[in-house]
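Enquirer: Before we start, here is the structure in question, set down as structure tokens.
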Amino acid sequence: MSSKQKFIPLVSATVIGFSLVPIAPHWIDTVAAQTPPQPLLQEQGMLEEGDKVLADDDSLYDVHQFEGRAGQSLSISVESEDFDTYLLLSDVNGNVLGESDDIDPENTNSAFTVELTEDGTYNIIINGYEASDRGRYNLTVTPLEIVTSEGTIVTSEGTDDLTAIESAIADTIRQDGYQGQIDVRPYMVSNYALATYAYGEVAGQALLKQENGQWTIVSRDGGSLQDVNMLVELGVPREIAEELAIGPDI
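Here the sequence shown stands for residues 1 to 250, numbered as in the UniProt record's numbering.
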């Protein structure tokens with residue numbers, strides 16, 4: 001079916017449109033990656049008599065709200081065996097951030113991914129395509145997973161730290177005059193990270209520490225930083241040093 005433009009005036013008198021933001025893959029191994037993200041919101045609902053009614057065509061709709069954070073990437077989907085679904089996301093100002101009619105010509109469920117632009121309350125609107133549509137539906141909102149080139153799953157919530165670690169190492173290497181590709185693979189425990197890096201024919205390890213929201217390099221080494229005693233000498237608490245040293249093969 002065609003996009004349901006008739007619904008948009010209900011959301012806002014001035015709609016800014018929407019964009020679906022792709023997330024670039026990272027070369028990452030993290031502790032958090034061991035557990036797939038849990039749904040942010042799961043609701044079983046029903047379009048039924050007594051629901052809100054869209055004035056344009058007398059179709060029914062439900063509104064669900066959730067709290068989101070700026071930069072958070074989400075997958076939003078609604079499934080129903082009873083009716084042809086329509087799904088829309090807006091912020092509290094009525095700006096449309098994403099919408100979906102049919103997943104494909106053979107599938108009348110609806111889904112899309114979106115990156116939130118600010119902290120606050122968001123509205124999910126579930127509607128049927130026809131005024132006569134009634135029935136049960138399942139709504140799911142899940143933090144987006146990123147699958148790295150190593151097959152590791154990373155939730156989008158961790159990408160700020162990971163990008164900062166990569167940037168700290170890359171900036172240091174750039175100071176040496178290298179301008180080519182740099183691969184960085186960090187493993188984080190608490191406010192420390194042990195990362196391997198490779199560029200050209202050079203490979204090494206770096207220990208980083210997070211203080212006041214900033215990741216800084218404590219030490220760069222050719223490959224012995226996974227030694228527990230060396231990490232302790234560099235100021236890492238022994239318990240954390242042992243976790244870093246026996247973590248994934250980075």
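Heads up, the beta-carbon is just placed ideally off N, CA and C, and yes, glycines get one too.
(1) Which of the three DSSP states, helix, strand or coil, is assigned to L74?
(2) Determine the burial state of Y192: buried for a count of at least 16 other Cβ atoms within 10 Å of its Cβ, exposed for fewer.
(3) With a 10 Å radius around its C-beta and 16 neighbouring C-beta atoms as the bar for buried, classify I124 as buried or exposed.
(4) Among the candidates K209, S80, S224, whose CA atom is the shortest distance from the CA of I240?
(5) Let me check understanding here. Comparing Cα to Cα, which of Y187, G128, S110, I173 lies closest to E49?
(6) L207 and V218 - do their beta-carbons sit closer together than 7 Å?
(7) For the ligand ADP, I want to know if P237 counts as a neighbour, meaning its beta carbon is within less than 6 Å of at least one of the ligand's heavy atoms.
(8) Can you look up I153 in the DSSP assignment and give me helix, strand or coil?
(9) Tell me the rounded alpha-carbon separation between M46 and R134.
(10) Please report how far the alpha carbon of D161 lies from the alpha carbon of A170, in whole angstroms.
(11) Expressed to the nearest angstrom, what Euclidean distance is found between the alpha-carbon atoms of S90 and T121?
(12) Could you give the residue range of the beta strand (DSSP E) that holds residue 256?
(13) Run the CB neighbour count on S224, radius 10 Å, all protein chains shown included, and call it buried at 16 or more, exposed below.
(14) How is the beta strand (DSSP E) around L60 delimited, first residue to last?
(15) Which same chain residues, not among the five before or five after Y178, have their C-beta less than 7 Å away from its C-beta?
(16) For A185, which residues does DSSP report across the bridge?
(17) Leaving out the 5 sequence neighbours to the left and right, which residues in its chain are closer than 6 Å to L41 when beta-carbon positions are compared?
Expert: Per the coordinate set shown:
(1) strand
(2) buried
(3) buried
(4) K209
(5) G128
(6) yes
(7) Absence of the ligand ADP is noted for the structure shown, with no ligands found whatsoever.
(8) Legend: pLDDT at I153 = 43, less than 50; position of this residue unreliable, value from coordinates given subsequently. Three-state result, I153: strand.
(9) 7 Å
(10) 14 Å
(11) 9 Å
(12) Because the chain here runs from 1 to 250, residue 256 falls outside it and cannot be looked at.
(13) exposed
(14) 60-68
(15) Y199, G200
(16) Sequence check: residue 185 is Arg here, not Ala. R185 pairs with T196.
(17) F66, V141
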